[in-house]
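Q:
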Amino acid sequence: DCAGSSLLHRLFSTWALRCTGFSRRKVTYIPPPPPDDEESIFAHYQTGINFDKYDTILVEVSGHDPPPAILTFEEANLCQILNKNIAKAGYTKLTPVQKYSIPIILGGRDLMACAQTGSGKTAAFLLPILAHMMRDGITASHSKELQEPECIIVAPTRELISQIYSEARKFSFGTCVRAVVTYGGTPLRHSIRQIVQGCNILCATPGRLMDIIGKEKTHSTGRQMKSMKSFFFFSPGRKPLCDIIRIVKFLSLESDLRAIYFPFSHTTLLHHCCSLKGLLKICSF
Numbered sequence: 001d002c003a004g005s006s007l008l009h010r011l012f013s014t015w016a017l018r019c020t021g022f023s024r025r026k027v028t029y030i031p032p033p034p035p036d037d038e039e040s041i042f043a044h045y046q047t048g049i050n051f052d053k054y055d056t057i058l059v060e061v062s063g064h065d066p067p068p069a070i071l072t073f074e075e076a077n078l079c080q081i082l083n084k085n086i087a088k089a090g091y092t093k094l095t096p097v098q099k100y101s102i103p104i105i106l107g108g109r110d111l112m113a114c115a116q117t118g119s120g121k122t123a124a125f126l127l128p129i130l131a132h133m134m135r136d137g138i139t140a141s142h143s144k145e146l147q148e149p150e151c152i153i154v155a156p157t158r159e160l161i162s163q164i165y166s167e168a169r170k171f172s173f174g175t176c177v178r179a180v181v182t183y184g185g186t187p188l189r190h191s192i193r194q195i196v197q198g199c200n201i202l203c204a205t206p207g208r209l210m211d212i213i214g215k216e217k218t219h220s221t222g223r224q225m226k227s228m229k230s231f232f233f234f235s236p237g238r239k240p241l242c243d244i245i246r247i248v249k250f251l252s253l254e255s256d257l258r259a260i261y262f263p264f265s266h267t268t269l270l271h272h273c274c275s276l277k278g279l280l281k282i283c284s285f
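Take 1 as the starting number for the sequence shown in full-length UniProt numbering and just add one per residue.
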């Protein structure tokens with residue numbers, strides 16, 4: 001009968017959703033807040049990596065008059081608190097990607113860099129952007145009570161963006177800079193609340209960032225994104241580049257936004273200075 005058919009249809013629909021991995025259940029999981037004590041923040045740092053082997057890696061640099069590489073952290077002229085955090089995090093020697101990327105980003109240049117896993121790419125961009133913030137001051141603090149995002153870091157997976165967020169907390173420890181991480185699988189309202197409470201560096205997965213941007217017309221958090229000064233994107237392949245097109249188009253190409261792009265590679269180390277418009281062109285191939 002009709003009632004039986006309707007019930008069967010609902011049961012089949014529920015079964016199909018479960019089989020395909022979809023669920024109508026409301027997302028309620030809220031991750032616990034990370035520890036704020038110094039011991040916990042610096043509990044995990046790199047050990048057992050022989051960075052002397054990296055000195056033999058061939059490095060190619062292209063672009064118009066790129067700045068020369070640095071050989072030590074001292075040559076970067078970072079502030080005292082950043083140098084302290086670098087030491088606490090277990091960093092003693094620059095890797096090739098850091099030697100070239102740090103001065104390029106400190107010089108306000110766009111950058112495309114490719115380096116193998118474990119070569120220190122995260123520190124290569126986090127240190128100079130934090131140096132900019134510490135040197136120039138947080139823009140939002142001059143005129144607004146709440147700190148708004150000035151830097152977006154995008155990575156394709158929850159695991160990777162969480163690792164980057166952990167590094168950001170290490171290097172920004174003891175400063176006025178606050179990093180926030182957001183990804184799918186958690187309530188969007190919770191993510192927005194974390195940003196509204198104060199955020200200078202936003203670490204996000206592409207999907208969740210697009211969710212926040214989609215709130216531009218209904219929430220100030222989306223509108224704040226258009227004041228970005230720095231944009232970093234990690235990609236393990238070509239597919240996630242499709243996500244970046246919409247994000248870059250939203251963040252005005254006419255602004256003074258700095259674009260830093262790190263495609264993953266296990267064999268190649270390549271640096272290439274590029275404009276934000278060039279980055280968008282890359283996304284379109």
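Every residue gets a Cβ at the ideal spot worked out from N, C-alpha and C, and that includes glycine.
In angstroms, rounded to a whole number, what distance separates the CA positions of E38 and R158?
A: Here residue 38 corresponds to residue number 38 of the sequence shown, with the count starting at 1. Here residue 158 corresponds to residue number 158 of the sequence shown, with the count starting at 1. For E38 and R158, the distance between alpha carbons rounds to 24 Å.
Q: Give the straight-line distance between the Cα atoms of V59 and K99, rounded to the nearest whole angstrom.
A: As a position in the sequence shown, residue 59 is number 59, starting the count at 1. As a position in the sequence shown, residue 99 is number 99, starting the count at 1. Approximately 10 Å, taken between the alpha carbons.
Q: Could you tell me how far apart the beta carbons of F232 and I102 are, in whole angstroms, since I believe they sit closer than 8 Å?
A: Taking the sequence shown and counting its residues from 1, one reaches residue 232 at position 232. Taking the sequence shown and counting its residues from 1, one reaches residue 102 at position 102. Contact doesn't hold; Cβ gap of about 14 Å is too wide.
Q: If we ignore side chains and look at the alpha-carbon of each, how far apart do T47 and G90 end up?
A: What you label residue 47 is simply residue 47 of the sequence shown in a count that begins at 1. What you label residue 90 is simply residue 90 of the sequence shown in a count that begins at 1. With a pLDDT of 48 at T47, under the threshold of 50, the predicted position of this residue should be treated as unreliable, and no value is reported.
Q: In this structure, does DSSP put A113 in helix, strand or coil?
A: Within the sequence shown, the letter at position 113 stands for residue 113. If DSSP states are grouped into helix, strand and coil, A113 belongs with the strands.
Q: Could you pull out every residue in the same chain whose Cβ sits closer than 7 Å to the Cβ of F42, ignoring the five residues on either side in sequence?
A: Position 42 of the sequence shown holds residue 42. Once the five neighbours on either side are set aside, the close Cβ partners of F42 are K88, A89, K170.
Q: So, I161 versus S191, is the Cβ gap smaller than 8 Å?
A: Indexing the sequence shown from 1 puts residue 161 at position 161. Indexing the sequence shown from 1 puts residue 191 at position 191. No.
Q: So, is V248 buried or exposed, given that buried needs 16 or more other C-beta atoms within 10 angstroms?
A: Translated into positions along the sequence shown, residue 248 becomes position 248. Buried, because 16 or more other Cβ atoms sit within 10 Å of the Cβ of V248.
Q: Which whole-angstrom value is the C-beta distance of L106 and F73, which I expect to be below 8 Å?
A: Within the sequence shown, the letter at position 106 stands for residue 106. Within the sequence shown, the letter at position 73 stands for residue 73. In fact, because the Cβ distance is near 12 Å, the residues do not count as touching under 8 Å.
Q: Between which residues of its own chain and I164 is the CB-CB distance below 7 Å, once the five residues before and five after are set aside?
A: For the purposes of this step, residue 164 is identified with residue 164 of the sequence shown, where counting begins at 1. Closer than 7 Å at the Cβ level, and outside the excluded window around I164, lie T122, I153, A155, C203.
Q: Using 10 angstroms around the beta-carbon of T182, count the other beta-carbons present and answer buried if the total reaches 16, otherwise exposed.
A: To locate residue 182, count along the sequence shown from 1; it is residue 182. With 16 or more Cβ atoms within 10 Å of its Cβ, T182 is classed as buried.
Q: Quick one, which of S62, I86, Q194, V180 has its alpha-carbon nearest A131's?
A: In the sequence shown, the residue the question calls residue 131 occupies position 131. If we check each option's Cα against that of A131, I86 comes out closest.
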